[in-house]
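Converting from the sequence shown to the numbering used here requires adding 1391 to each position, the first position being numbered 1.
We treat Cβ as the ideally placed atom computed from N, Cα and C, and that holds for glycine.
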Amino acid sequence: MKRTFWVHHIPFFKEWKTCFHYIMEKSDTFRIIFQGSKDVLESDEFLNAGKREFLSLPALTISPYTGMENSIEVTGELNRAARELFQTFMAPEQPDLWSFQFLKGNDVMLKVDDWTVGEVFLEECEVADLLAQGVSVDGEHLEEIDTFSAKASQPDIEVESWSKEALSILSDQLKRAFLAHHKNLPTPPEDGL
């Protein structure tokens, strides 16, 4: 059974480098999110750190990312060149990659979002390996969480992205339905009693 851990703030997690390298070596695939299309290399510098470098790797799959408008998901083999790029852009003191995952087969082992927040999904033997290397589950920087709440982060659950226009239409429809349903209800007295 997999155990799930939450990394609260990567720059303050002193064993991050050990944990990161261990998981990277166990993984065979990466996914990384960038803003804009594959042809737009000069957009938001914060969300797109490493975009040019990662897109230069061979044998990538590039698809629209459904979690954010006008963005792409880049998937590729976690080979030596990709590992070197991740090491370059994931300096523990200031990570530069906005959102990425390491996978082993189809299973996510590491998910990093917002540059400094991570989720780690490990088998018992992998947890034992990391503990033996000095990684501590202290609850302050690395905290075990229950697997039920972690499942919401697994890739088999899709998050739908809505445009402002679609949300506005939905809001209007809900208001009309609510008002139509409640028009026959008695009106509360003016004094609130």
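Work out the CA separation of residue j and residue i for me, nearest whole Å.
i     : j     : result
G1603 : G1467 : Given a span of 1392 to 1584 for the chain in the structure shown, any question on residue 1603 remains unanswerable.
A1568 : D1430 : 43 Å
W1407 : E1444 : 23 Å
D1520 : I1560 : 52 Å
H1532 : W1506 : 15 Å
A1541 : A1450 : Unreliable placement is indicated for A1541, whose pLDDT of 45 sits below 50; the coordinate value is still reported in the next sentence. Spanning the two alpha carbons is a distance of roughly 30 Å.
S1447 : L1558 : 37 Å
M1392 : E1556 : 43 Å
I1518 : Q1564 : Note that residue 1518 is Val in the sequence shown, not Ile. Distance between the alpha carbons of V1518 and Q1564: 49 Å.
R1471 : M1459 : 29 Å
M1500 : D1537 : 15 Å
If residue i sits next to residue j, beta carbons under 8 Å apart, how far is it from one beta carbon to the other, in whole angstroms?
i     : j     : result
K1495 : K1417 : 6 Å
T1409 : Q1485 : No, T1409 and Q1485 are not in contact; Cβ-Cβ is about 18 Å, not under 8 Å.
F1437 : F1491 : With 8 Å as the limit, F1437 and F1491 do not qualify as a contact, their Cβ atoms being about 14 Å apart.
G1441 : L1488 : 6 Å
List the residues that DSSP assigns as beta-bridge partners of residue i.
i     : result
G1467 : F1421
I1453 : V1465
K1502 : Q1492, E1510
I1401 : None, per the DSSP bridge assignment.
Q1426 : S1462
In this structure, how does DSSP classify residue i when only helix, strand and coil are distinguished?
i     : result
W1407 : helix
E1416 : helix
Q1524 : coil
Q1485 : coil
L1448 : coil
A1568 : helix
F1396 : strand
L1533 : strand
Between residue i and chain D, is there a C-beta pair that is closer than 8 Å?
i     : result
E1406 : In summary, chain D is missing from the structure at hand, where a single protein chain is found.
Buried or exposed: residue i, going by 16 or more other Cβ atoms within 10 Å of its Cβ?
i     : result
F1403 : exposed
L1469 : buried
S1462 : buried
Q1478 : exposed
L1522 : exposed
A1482 : exposed
E1464 : buried
N1497 : exposed
K1585 : With the chain covering 1392 to 1584 only, the question about residue 1585 has no answer from this structure.
T1395 : buried
Any heavy atom of the ligand PLP closer than 7 Å to the Cβ of residue i?
i     : result
D1504 : The model on display carries no ligand, and the ligand PLP is accordingly not part of it.
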